[in-house]
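Comments concern the structure below.
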Amino acid sequence: MATPAPHDEQARFDAVIAADEKIEPRDWMPEKYRRNLVRQISQHAHSEVVGQLPEGNWITRAPSLRRKAILLAKVQDEAGHGLYLYSAAETLGTSREEMLDDLLEGRAKYASIFNYPTLSWADVGAIGWLVDGAAIVNQISLCRTSYGPYARAMVRICKEESFHQRQGYEIMQTLAQGSPEQQAMAQDALDRWWWPTLMMFGPHDADSAHTQQSMQWKIKRQSNDELRQKFVDQTVEQAARIGLTIPDPELRWNEARGHYDFGEIDWDEFQRVLGGNGPCNRSRMRDRRRAHEDGAWVREAMLAHAEKHNRRAAGAAA
Amino acid sequence: MSQRHLPLWEVFVRSRRGLDHKHIGSLHAADAEQALLAARDTYTRRQEGVSIWVVKSSDIHASQFEDEGAFFDPAEDKVYRHPTFYDVPEDLKL
Numbered sequence: 145m146a147t148p149a150p151h152d153e154q155a156r157f158d159a160v161i162a163a164d165e166k167i168e169p170r171d172w173m174p175e176k177y178r179r180n181l182v183r184q185i186s187q188h189a190h191s192e193v194v195g196q197l198p199e200g201n202w203i204t205r206a207p208s209l210r211r212k213a214i215l216l217a218k219v220q221d222e223a224g225h226g227l228y229l230y231s232a233a234e235t236l237g238t239s240r241e242e243m244l245d246d247l248l249e250g251r252a253k254y255a256s257i258f259n260y261p262t263l264s265w266a267d268v269g270a271i272g273w274l275v276d277g278a279a280i281v282n283q284i285s286l287c288r289t290s291y292g293p294y295a296r297a298m299v300r301i302c303k304e305e306s307f308h309q310r311q312g313y314e315i316m317q318t319l320a321q322g323s324p325e326q327q328a329m330a331q332d333a334l335d336r337w338w339w340p341t342l343m344m345f346g347p348h349d350a351d352s353a354h355t356q357q358s359m360q361w362k363i364k365r366q367s368n369d370e371l372r373q374k375f376v377d378q379t380v381e382q383a384a385r386i387g388l389t390i391p392d393p394e395l396r397w398n399e400a401r402g403h404y405d406f407g408e409i410d411w412d413e414f415q416r417v418l419g420g421n422g423p424c425n426r427s428r429m430r431d432r433r434r435a436h437e438d439g440a441w442v443r444e445a446m447l448a449h450a451e452k453h454n455r456r457a458a459g460a461a462a
Numbered sequence: 893m894s895q896r897h898l899p900l901w902e903v904f905v906r907s908r909r910g911l912d913h914k915h916i917g918s919l920h921a922a923d924a925e926q927a928l929l930a931a932r933d934t935y936t937r938r939q940e941g942v943s944i945w946v947v948k949s950s951d952i953h954a955s956q957f958e959d960e961g962a963f964f965d966p967a968e969d970k971v972y973r974h975p976t977f978y979d980v981p982e983d984l985k986l
């Protein structure tokens with residue numbers, strides 16, 4: 145079979161994107177499209193993996209067996225979501241080891257939100273409600289991303305994720321209906337997590353390095369600001385329903401826009417945490433590295449076990 | 893007298909871009925290239941697919957049907973993995 149000239153391949157790629165169809169692993173794609181996807185999907189995978197740490201902090205101290213079982217199941221899901229995403233990135237020709245090295249050696253990013261500490265049990269509720277709520281808004285949009293394996297991973301993740309947000313909201317609801325101390329705990333968690341959650345959507349569209357190109361390639365289907373607005377609009381009523389106050393004096397309904405107006409994010413803080421100087425950046429990486437190193441003997445033992453069985457099978461066949 | 897059989901291949905077809913390859917059936921063929929041609933002629937005569945995978949059946953390892961109970965049992969009592977388990981207002985978009 146003759147190899148088509150590059151401009152034909154580019155034209156076919158463009159046509160697939162224009163028709164809102166999916167690019168699949170063996171299709172020709174521009175090198176920059178591939179690199180952009182590897183960056184985004186692997187960052188997404190790293191976020192799932194590092195995201196286990198703040199919540200994992202509370203597994204041993206969950207207030208009941210019910211909450212403990214739920215939290216275990218949720219953290220287990222996050223690990224699973226990391227695996228789906230690493231696999232999707234691997235279809236682009238990058239290896240699992242490369243991606244893990246990039247994370248462990250500090251070359252790769254993960255969602256900055258996980259560099260904030262979980263100080264009380266209410267933080268577990270706030271993460272489920274707000275952080276997973278924001279992730280869902282982003283991920284629902286990504287179900288329509290142009291790269292097939294990424295889109296399919298997103299569909300699966302969104303389906304599984306729907307319990308994460310509800311369990312978080314349920315925790316907040318329970319605390320908000322509890323004693324004055326419990327109510328204060330819930331409000332304090334909302335106060336600390338609200339702004340970092342809004343930062344999860346990234347810089348304003350005008351300041352975002354990758355947005356324009358990603359939108360053209362339909363890797364991203366909605367911009368950072370659009371998604372952030374969507375999240376704010378749906379979260380305001382959820383907070384009001386359980387009597388919690390969103391810590392933003394500028395938050396108000398704008399009849400003309402049909403959306404809530406809200407205050408400006410502290411972008412200095414955003415840059416500081418992104419640059420490695422958030423409250424927990426170092427401990428997160430230290431914990432991740434330690435987990436990886438502590439797990440080395442398990443990986444080695446699994447390989448040794450498989451090799452032993454292969455040798456025995458070969459011996460029996462001879 | 894020795895008889896040589898053509899190996900068995902499992903066929904997976906992607907019906908259109910954006911969907912997963914789905915198992916559709918199997919066939920016998922001498923090598924991967926022949927298996928692909930045979931799969932095209934056997935399973936996509938009416939444009940049922942845009943992409944085909946063939947995998948040697950002997951390369952597929954499956955869970956055992958008779959172990960089904962014990963194998964899938966860990967998921968049985970974890971109803972909290974489902975969103976409907978949670979007691980939150982139904983009219984809220986959550």
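Quick note, the sequences are listed as chains S and F, same order. Once you know that position 44 of the first sequence is 188 in our numbering, the rest is easy, because the numbers rise by one and skip nothing. Once you know that position 16 of the second sequence is 908 in our numbering, the rest is easy, because the numbers rise by one and skip nothing. Backbone N, C-alpha and C fix where the C-beta goes; we use that ideal spot for every residue, glycine too.
Across the structure, Arg430(S) and Cys424(S) are spaced so that their CA atoms are roughly 10 Å apart.
In terms of Cβ geometry, Gly272(S) and His308(S) form a close pair [threshold 8 Å]. Under the three-state reduction of DSSP output, Arg932(F) falls in the helix class.
Residue environment for Val275(S): buried (at least 16 other C-beta atoms within 10 angstroms of its C-beta). Residue environment for Ile952(F): exposed (fewer than 16 other C-beta atoms within 10 angstroms of its C-beta). Cβ atoms of Leu342(S) and Ile409(S) come within 8 Å of each other, at about 6 Å. Taking a beta-carbon distance threshold of 8 Å, Arg938(F) does not count as an interface residue toward chain S. Check the Cα spacing between Pro981(F) and each of Ile386(S), Asn421(S), Trp411(S): the tightest is with Ile386(S). In the DSSP secondary-structure assignment, Tyr291(S) is bridged to Ile167(S).
Between the stretch 184 to 199 of chain S and the stretch 225 to 232 of chain S, the count of C-beta pairs closer than 8 Å reaches three or more; the two stretches touch.
The Cβ atoms of Tyr260(S) and Gly407(S) do not sit closer than 8 Å to each other. At a Cβ-Cβ threshold of 8 Å, Ser290(S) and Lys166(S) count as neighbours.
In the pairwise beta carbon analysis, the stretch 347 to 363 of chain S is classified as touching the stretch 166 to 180 of chain S: at least three pairs are separated by under 8 Å. Take Glu222(S), set aside five residues on each side of it, and the residues of its chain with a beta-carbon closer than 6 Å to its own are Glu192, Gly195, Gln196, in chain order. Glu902(F) is bridged by DSSP to Ser918(F), Val947(F).
Taking 8 Å as the threshold, the shortest C-beta distance from Pro899(F) to chain S does not fall below it. In summary, the residues of the stretch 303 to 336 of chain S whose CB is separated from some CB of chain F by less than 7 Å are Ser306, Phe307, Gln309, Arg310, Gln311, Tyr313, Glu314, Gln317, in the order they occur in the chain.
Annotation: the continuous alpha helix (DSSP H) that includes Tyr230(S) extends over 209 to 234. Boundaries of the beta strand (DSSP E) around Asp405(S): 403 to 405. For Gly269(S), the closest alpha carbon among the candidates Pro198(S), Leu244(S), Leu248(S) is that of Pro198(S). Counting only the Cα atoms, His449(S) lies some 25 Å from Gln220(S). Interface annotation, Lys914(F): not in contact with chain S, CB-CB separation never under 8 Å. Annotation note: the stretch 275 to 350 of chain S contains no uninterrupted beta strand (DSSP E) run of length 3 or greater. Ala295(S) and Asp912(F) have their C-alpha atoms roughly 11 Å apart. In the three-state reduction of the DSSP assignment, Asn398(S) falls in the strand class.
Across the set Ile214(S), Thr235(S), Leu216(S), the C-alpha of Thr235(S) shows the shortest separation from the C-alpha of Val182(S). Taking 8 Å as the cut-off, the beta carbon of Glu168(S) is found closer than this to the beta carbon of Ser943(F).
Scanning chain S for C-beta atoms nearer than 9 Å to the C-beta of Leu986(F) yields Trp273, Gly277, Ser306, Gln309, Arg310, Tyr313, Gln378, Gln382, reported in chain order. Counting only Cβ-Cβ distances below 8 Å, Ile214(S) has contacts in chain F at Tyr972, in chain order. Listed along the chain, the chain S residues whose CB falls inside 7 Å of the CB of Phe964(F) amount to none; the nearest CB is some 16 Å away.
Note on geometry: alpha-carbon atoms of Tyr254(S) and His354(S) lie some 16 Å from one another. Residues are counted here when their Cβ sits less than 7 Å from a Cβ of chain S; for the stretch 902 to 913 of chain F these are Arg909, Gly910, Asp912, given in chain order. A Cβ-Cβ separation of about 13 Å leaves Leu900(F) out of contact with His915(F) under the 8 Å criterion.
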